[in-house]
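From first to last, the protein sequence lines are chains Z and Y. For what it's worth, the working numbering labels the leading residue of the first sequence as 74, then goes sequentially. For what it's worth, the working numbering labels the leading residue of the second sequence as 5, then goes sequentially. A virtual CB, placed ideally from N, CA and C, is assigned to each residue, including glycine. Encoded as C-alpha cells, the structure appears first; notes follow it.
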Amino acid sequence: MKKLNILLIAFITFTTCAQQKESEVKAEDPVNVNYTTQMVVPDLSIPWGMTFLPDGSMLITEKSGDLIHFKNGEKINIEGAPDVYVRGQGGFLDIRLHPDYVNNGWIYMTHGSSEGEGDGGNTALIRAKLNGNALVDTEVLYKAEPNTKKGQHWGSRIEFDNQGYLYFSVGDRGNRDVNPQDITRDGGKIYRLNDDGSIPQDNPFVGTENAKTAIYSYGHRNPQGMVKNPFTGAIWVNEHGPQGGDEINVVEKGNNYGWPVISYGINYSGTTFTDITEKEGMEQPLFYWVPSIAPSGMAIVSSDKYPDWKGNVLVGSLKFKYLERLILENNEVVKREKLFEGIGRVRNVIQAPDGYIYVAVENHGIVRIAPEN
Amino acid sequence: MKKTYLLSLFTVLTVTVVSSQNSNQDTLLKESIERGSDIYTDFCINCHMPNGEGMENVYPPLANSDYLMKNREASIRGIKFGQEGELVVNGVTYNSVMAPMGLSDDEVADVMNYISNNWGNKSDDIVTEEEVSNIKK
C-alpha cells in the first residue's frame with residue numbers, strides 16, 4: 074500500500090509538474106543601444122499588418138477590420154475592405170504587396186472569414202487592388218476549412234520568396250490533436266501558392282490522395298511571424314508555443330515541424346501533452362523559447378541603417394512588451410537582447426523599403442527605429 | 005380550521021413554487037457555468053491563466069477579485085466590448101488592454117457566470133443573455 078502511495082505521488086508529480094528545459098541563451102538587458110524610437114503613426118489599436126506603397130505611404134490593417142491608408146500624416150479609411158470575422162485571436166491579419174506591385178497593383182491580405190459552410194470562421198487569403206480610397210477587384214485565393222467558433226490560432230503572415238511564390242500561415246485553429254499532423258486538413262500549416270492563387274505543381278503533396286495540395290510544410294502551431302531571409306532567400310517563421318515552446322523554424326518543402334507530437338512546451342495548466350522533444354521525421358526548431366515570449370512579427374536586418382545589427386533577427390514580444398534582438402552564428406542563437414522594454418505589446422516588425430525598421434505596438438502606434446544622434 | 009388549512013396549503017404551494025424556481029435557477033446557472041468553462045479555455049486562459057491568477061503586473065487576476073465582484077456591469081462591458089485604461093484589482097493597478105473577443109451575448113453571460121463562481125468568487129445572481137444585450141458601449 075505504501076509503495077502504491079509512493080508510486081501515485083511520483084506519478085502525480087511527474088504528470089503535473091513537468092520539468093521544462095529553459096532556453097540556454099537568456100534574454101539580456103542591452104548594454105549599449107545606439108538607437109531610439111520615433112512615433113510615425115500614432116493612435117492605433119491592434120495594428121496587425123503593415124506595408125509600404127511605392128510613394129512611401131503605408132497600408133495598415135487593424136485587427137477589428139479597418140484598412141488604413143496612412144499618407145502625409147493622415148489616416149484614411151479604405152472602403153471595400155474585406156468582410157472580417159472577428160473572433161478571439163482572429164480578425165484582419167496580415168497585408169503584403171506583390172513583389173512587382175509597381176506593374177500589377179496586387180495587394181495580398183489574410184483575415185478571419187465566415188465564408189462557406191458551418192458556424193464560425195477560418196483564415197482566408199485574398200488579393201485586391203487599391204483604386205483611390207477603395208479596394209477593388211477583390212479575389213479570394215484561399216479559404217481554410219472548416220469554419221469553427223474556436224478563438225485560437227488563425228496565424229497569419231504572408232511572404233514572397235525570390236522565385237515569386239507566395240507563402241502564408243494558418244494556425245491549428247484550436248484543434249491541436251486533429252489538424253496540424255493531418256495533411257488532408259487545413260490548420261497548423263504553411264501554404265505555398267502562385268501569385269494568382271493556383272497551386273504550384275511541384276508542391277510537396279501534389280499527387281497525394283486527399284491532401285490539401287497548397288500545403289508546403291505542416292506540424293505548426295500558430296505562426297505569426299514570417300520573413301524571407303534577405304541573405305539566403307529562405308522563408309523563416311516564428312510561432313507561438315503553449316506555455317513555453319515558442320519556436321523559430323526555417324520552412325522547407327514537405328517538412329513536419331512536429332506540433333503537437335514534439336514540443337518544448339506544456340499546457341497552460343502545467344500538465345504535459347507530450348514528453349518528447351524530438352522524433353525521427355520531425356524537424357527541430359532553429360531556436361525555442363522557454364519561457365514563452367509570445368512572438369509576433371519578424372524581420373532580419375540587412376539594411377545599412379543599423380551596422381550594429383546587421384544579420385540579426387528581430388521578433389516582437391506580445392507578452393513581455395519588448396522587441397527581441399537575436400544574434401546568430403552559424404544558424405545558432407548565441408545572444409538575445411530586450412530592446413525598448415516596456416514599449417507595449419509588439420505585434421509586428423518589418424524592414425521597410427527605406428531601410429528603416431518599423432515596429433507596430435498595440436494601443437500605441439507604429440514607430441521607426443532611428444540612430445540616436 | 006378551514007382558513008388554517010387553506011393558509012397552510014397556500015404556504016406549501018408557495019414554498020414549492022419558489023423552491024422549484026430556485027432549483028430551476030440553480031440548474032440554469034450550473035449549465036451556464038459549464039458552457040462558460042469552455043469559453044474560458046478558448047478565449048481567456050492564455051492571459052488570465054488556468055486558475056484565474058492572471059500575471060503579475062500584466063494581466064489582472066480573476067481569482068478572489070474584488071473588482072469582478074463589485075463591478076458586474078463594467079466587467080460585462082469589458083468582456084463584450086474590450087477593456088482599456090487603468091483598473092485597480094485587489095489593490096494593484098493594471099493598465100493593459102483586452103481586445104474585444106467577438107463573443108455573442110449568451111457566451112459573454114456564460115463566461116461571466118463561470119468566472120464569478122470560481123476561484124473564491126461567488127455570485128448566485130445569474131447573468132443572462134438579456135442582461136448582456138442591454139449593456140451598451
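Once DSSP output is grouped into helix, strand and coil, what is the label at residue i?
i      : result
Z:L208 : strand
Z:Q254 : coil
Z:W382 : helix
Z:N329 : strand
Y:S36  : helix
Y:Y44  : helix
Y:L107 : coil
Z:A367 : coil
Z:K75  : Any reading at Z:K75 needs caution, since the residue's pLDDT is 49, under 50, leaving its predicted position unreliable; the model's value is listed next. Z:K75: helix per DSSP, three-state reduction.
Z:F304 : coil
Y:F85  : helix
Y:D30  : helix
Y:S137 : helix
Z:V407 : strand
Z:E445 : coil
Z:Y174 : helix
Z:L203 : strand
Y:V112 : helix
Z:Y181 : strand
Z:L391 : coil
Z:S229 : coil
Z:A425 : coil
Z:M299 : strand
Z:L399 : strand
Y:M53  : coil
For a cutoff of 8 Å on Cβ pairs, would you count residue i as touching chain Y?
i      : result
Z:K136 : yes
Z:N295 : no
Z:E435 : yes
Z:V159 : yes
Z:G247 : yes
Z:I439 : no
For residue i and chain Z, any beta-carbon pair shorter than 8 Å?
i      : result
Y:M73  : no
Y:N146 : Nothing can be reported for residue 146 of chain Y: it is not among the residues displayed for chain Y, which extend from 5 to 141.
Y:G106 : yes
Y:V131 : no
Y:E88  : yes
Count the other CB atoms, across all protein chains shown, that sit within 10 Å of the CB of residue i; report buried if there are 16 or more and exposed otherwise.
i      : result
Y:S27  : exposed
Z:M74  : Low confidence applies here, because Z:M74 scores a pLDDT of 45, under 50, leaving its location unreliable; read the following figure in that light. With fewer than 16 Cβ atoms within 10 Å of its Cβ, Z:M74 is classed as exposed.
Z:N145 : exposed
Z:F84  : Because Z:F84 carries a pLDDT of 45, less than 50, the predicted location of this residue cannot be relied on, and the following value inherits that uncertainty. That one is exposed.
Z:P426 : exposed
Z:A154 : buried
Y:A113 : buried
Y:N99  : exposed
Z:Q111 : exposed
Z:G417 : buried
Z:S186 : buried
Z:Q274 : exposed
Z:I349 : exposed
Z:K352 : exposed
Y:D128 : exposed
Z:P120 : buried
Quick one: residues in its chain with C-beta nearer than 6 Å to the C-beta of residue i, no 5 flanking neighbours on either side, listed in chain order?
i      : result
Z:Y238 : R265
Z:V386 : I373, L399
Z:E312 : H293, R294, N295, P296, E320
Z:I149 : H142, N206
Sorted by chain position, which residues of the same chain lie with C-beta nearer than 8 Å to residue i's C-beta, five sequence neighbours on each side aside?
i      : result
Z:A284 : I256, T257, F278
Z:E152 : N206, A207, L208
Relative to the ligand ZN, is the shortest distance from any of its heavy atoms to the C-beta of residue i smaller than 7 Å?
i      : result
Y:D114 : You won't find the ligand ZN in this model; it holds no ligand whatsoever.
Among residues of its own chain, excluding the 5 on either side of residue i, which ones have a beta-carbon nearer than 7 Å to its beta-carbon?
i      : result
Z:S376 : Q424, G428
Y:T132 : A113
Y:A67  : N55, G56, E57, W123, G124
Would residue i pass as an interface residue toward chain B - the criterion being a Cβ-Cβ separation below 8 Å?
i      : result
Z:G338 : Annotation note: the requested chain B is absent from the structure, which comprises protein chains Z and Y.
- request: Give the residues from the region 330–354 of chain Z that approach chain Y closer than 7 Å (Cβ to any Cβ), ordered along the chain.
  value: If the cut-off is 7 Å between Cβ atoms, the region 330–354 of chain Z has Y341, S342 near chain Y.
- prompt: Using a Cβ cut-off of 7 Å, which residues of the region 44–69 of chain Y contact any Cβ in chain Z, in chain order?
  reply: D46, F47, I49, N50, M53, P54
message: Which residues of the region 210–231 of chain Z have a Cβ closer than 8 Å to any Cβ of chain Y? Give them in chain order.
response: K223, G224, Q225
- request: Taking only beta carbons into account, state which residues of the region 108–124 of chain Y come closer than 8 Å to chain Z, listed in chain order.
  value: Going along the region 108–124 of chain Y in chain order, one finds no residue with a Cβ nearer than 8 Å to chain Z.
message: Taking beta-carbon pairs under 9 Å, can you tell me which members of the region 90–103 of chain Y lie near chain Z?
response: Correct list: S100, V101, A103.
query: What residues in the region 105–131 of chain Z bring their beta carbon closer than 8 Å to a beta carbon of chain Y?
result: S118, I119
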